[in-house]
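Number of protein chains: 2
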Amino acid sequence: MAAPLTIDCLQYANWSEKIFRQMKNGGVSAVHVTITYHEDFRETVEQMADWNRRFEQFPDLIMPGRTAADVRKAQANGKTAIFFGAQNCSPIEDDIGLVEICHQLGLRFMQLTYNNQSLLATGCYEAEDPGITRMGKQVIKEMNRIGLVVDMSHSADRSTLEAIEISERPIAITHANPASWHPGLRNKSDDILNALAQSGGMLGFSLYPHHLKGKSECTVQDFCEMIARTAEQMGVTQIGIGSDLCQDQPDSVVEWMRVGRWSKEIDYGEGSASNAGFPPQPEWFKDNRDFGNIRKGLTDVGFSKEDVNRIMGENWLAFFETSFGPQSA
Amino acid sequence: MAAPLTIDCLQYANWSEKIFRQMKNGGVSAVHVTITYHEDFRETVEQMADWNRRFEQFPDLIMPGRTAADVRKAQANGKTAIFFGAQNCSPIEDDIGLVEICHQLGLRFMQLTYNNQSLLATGCYEAEDPGITRMGKQVIKEMNRIGLVVDMSHSADRSTLEAIEISERPIAITHANPASWHPGLRNKSDDILNALAQSGGMLGFSLYPHHLKGKSECTVQDFCEMIARTAEQMGVTQIGIGSDLCQDQPDSVVEWMRVGRWSKEIDYGEGSASNAGFPPQPEWFKDNRDFGNIRKGLTDVGFSKEDVNRIMGENWLAFFETSFGPQSA
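Chains as they are written, first to last, in the numbering used here: chain A, 1 to 329; chain B, 1001 to 1329.
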């Protein structure tokens, strides 16, 4: 009997053979990997070319993920299908034609904004959120047409609610938790979670310590109880994992994420001057071999085997099935 | 019974609905279209995005061509499959990673050079030809691995012979004629044609007047007799059509082809100061509805029906079948 499906809908590791082997050993059949924070189109293509080289170098461990069927193919062959995502709209610059070009190159998720105001929408660190822009409306329509998922993980509330409303296809918040559990700026209000669920969208639960109650000290039980409450609120079919695992990254990378090229001053984001680097992961989720701890935690808080499988992978797979192809007429 | 297959392995028209309808009316199931003369990667992507918009706008007339199977699909549905080609290596800039990226975006042919020295090889207008460069050898290997066809239509003799030798997969000269028939600088020596044929490569016969004996006055009989002699020389399976049709283009476009951004002085290429623009097409081949004239001409000079079908499309299709996918181990 095949091992149950595991999908992680957000990671940004310092990719290496070691990590790909951990994915294999952890039975992770698909990962949505970030390829862009602030990179423009040409720089994003460079990231894609780097991935092409990894696919060539490690064909027994990883494969390009383009469709839901690729997840099953990876699962059957003990590999991990890699799906590309951008955490910002910087790859499309000011050119709507790049939406389809990026999709042709494998992009399957794109955040409309990363923390700041973008050409499309407002990020969660801005003081004012005027909602989806003129270009934003055009780009959402184009993303819908082609099958590029709108991701609002780092967006502000009004923009997020408007994106849910405007998008003709369900959107995703790939990596965030309920603000009612832990009121981080990146976690999401009940209004957003309810609207997301009602529109058929997906929430991926984050394991980034700044998104966790108790941060690095959060227990697996506390995390899984939060999932149980969210399942009651959103429905057990609209939730999955989006760990936001940033394994083996030097702290210079979190600085790039936060500041990119947009500021000459340091912005500490969710961190602080005294705690500027990546926070330590909870000891029960350090790398791709630890998804079993979450499975066990979900079982322990009372989820059925079937629901555990949904949360750990089947829900994302169902979402992939309807999200990555052209919009039906 | 389906109409016989027609493939044109080089055109660079001023694309419009009118021309796509002429392709349909002419029964042309596949066209290799040029998207690059001197454009860099980003500019080439812009051309691809323009094509994406045409595919969206005219779904009943054209479709993206990626594999040989797409040709049969287009033929069955009365459409034209559009295959992208670059007449220069400018789209990959100095970055070997862009070979695969361009292939992912649909590029299926790439000339190693266009008239001048490039990073990869020497063009046919240079005084000296030192052969395939260091980067050229690496890029040919990568093109072979991925399934991007080496095209040497505008290359100098030594570089062309070396490309045939170095490439592990058959190459193409998509648009040129034998120099023994008309000694234009762009037409090819017997040494090249023989080496091309022996390696399993393909020659596409050009209908660009500067490549024709008698130029715009060339008769269809003369053209087809030249094909008959070349068939004897190269074998009837190694030849096809690559018309080099540049329909509806303003003369500014031929200037871009010839001079790009590489010279402040005008270079007239195959033209002259007194005849700088596009030359008029022979009256028997003005647009995509005229392939029937060539079919009839080939029959008239004695080709069997089967051989006419080979030359007009089946040979290119067989070449597409083995050329566009990954190299077998």
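Glycine is no exception: its CB is placed at the ideal position from the N, C-alpha and C atoms. Bear in mind that the values here come from a model prediction, so they are computed numbers and not experimental data.
- Think of a sphere of 7 Å around the beta carbon of B/Val1045: the chain A residues whose beta carbon falls inside it are Ile101, in chain order.
- Across the structure, B/Gly1325 and B/Ser1167 are spaced so that their CA atoms are roughly 15 Å apart.
- Check the Cα spacing between A/Ser16 and each of A/Glu321, A/Ala156, A/Asp267 and A/Cys246: the tightest is with A/Cys246.
- A distance below 9 Å separates the beta carbons of B/Gly1292 and B/Gly1026.
- Identification of chain B residues near A/Arg42 by a Cβ-Cβ cut-off of 8 Å yields Phe1041 and Arg1042, ordered along the chain.
- Closer than 9 Å to the CB of B/Gln1327 there is not a single CB belonging to chain A.
- B/Ser1304 has its alpha-carbon roughly 26 Å from the corresponding atom of B/His1211.
- Burial check for B/Pro1170: the Cβ neighbour count within 10 Å reaches 16 or more, so the residue is buried.
- For A/Tyr125, the CB contacts under 6 Å within the same chain, skipping 5 residues up- and downstream, are Asn115 in chain order.
- By the CB criterion at 9 Å, A/Asn315 and A/Met202 fall inside the cutoff.
- When DSSP assignments are scanned along the region 1093 to 1160 of chain B, the uninterrupted stretches of alpha helix (DSSP H) that are 4 or more residues long and fall wholly within it turn out to be 1097 to 1104 and 1134 to 1146.
- A buried status is given to A/Asn177, since no fewer than 16 other beta-carbon atoms sit within 10 Å of its beta-carbon.
- Listed along chain B are Gln1104 and Leu1105, each with a C-beta nearer than 7 Å to that of A/Gln104.
- With fewer than three CB-CB distances shorter than 8 Å, the region 259 to 269 of chain A does not count as touching the region 228 to 245 of chain A.
- If you draw a 10 Å sphere on the C-beta of A/Thr80, you find 16 or more other C-beta atoms in it, and that means buried.
- Residues of the same chain with a CB within less than 7 Å of the CB of B/Leu1298, apart from the 5 flanking positions on each side, are Cys1224, Ile1227, Val1308 and Ile1311 in chain order.
- With at least 16 other beta carbons inside 10 angstroms of its own, B/Thr1113 counts as buried.
- By the neighbour-count criterion, in which a residue is buried when 16 or more other Cβ atoms sit within 10 angstroms of its Cβ, A/Pro250 is exposed.
- Contact annotation, A/Asp300 with A/Gln221: C-beta distance approximately 7 Å; criterion of less than 8 Å satisfied.
- Of all residues in the region 1079 to 1103 of chain B, only Asp1095, Gly1097, Leu1098, Glu1100 and Ile1101 place a beta-carbon less than 8 Å from a beta-carbon of chain A.
- Contact annotation for A/Asn52 against chain B: Gly1097 and Glu1100 [CB-CB distance below 7 Å, chain order].
- Between B/Phe1278 and B/Val1259, the C-beta spacing is not below 9 Å.
- Taking 9 Å as the threshold, the shortest C-beta distance from A/Ala49 to chain B falls below it.
- Its chain contains Gln1087, Asn1088, Tyr1114, Trp1256, Met1257 and Gly1260 as the residues whose beta carbon lies nearer than 7 Å to that of B/Tyr1037, once the 5 sequence neighbours on both sides are disregarded; these appear in chain order.
- Straight-line measurement puts the Cα of B/Gln1327 at about 5 Å from the Cα of B/Arg1145.
- Apart from the 5 residues on each side of it in sequence, A/Ala30 sits with its Cβ closer than 7 Å to the Cβ of Ile7, Gly65, Val71, Ala74, Thr80, Ala81 and Phe83 in its chain, given in chain order.
- When only Cα atoms are considered, B/Leu1098 and B/Ile1092 end up about 5 Å apart.
- One thing to note: A/Gly200 has its Cβ no nearer than 9 Å to the Cβ of A/Thr174.
- Nearest to A/Ile132 by C-alpha distance, out of A/Asn194, A/Ser155 and A/Met110, is A/Ser155.
- Sixteen is the threshold: when 16 or more other Cβ atoms of the shown chains lie within 10 Å of the Cβ of A/Lys24, as they do, the residue is buried.
- Annotated three-state conformation of A/His211 is helix, per DSSP.
- Counting the other CB atoms within 10 Å of its CB gives A/Gln198 a total below 16, which places it among the exposed residues.
- Restricting attention to A/Ala276, A/Ile62, A/Phe320 and A/Asp248, the CA atom closest to the CA of A/Tyr12 is found in A/Asp248.
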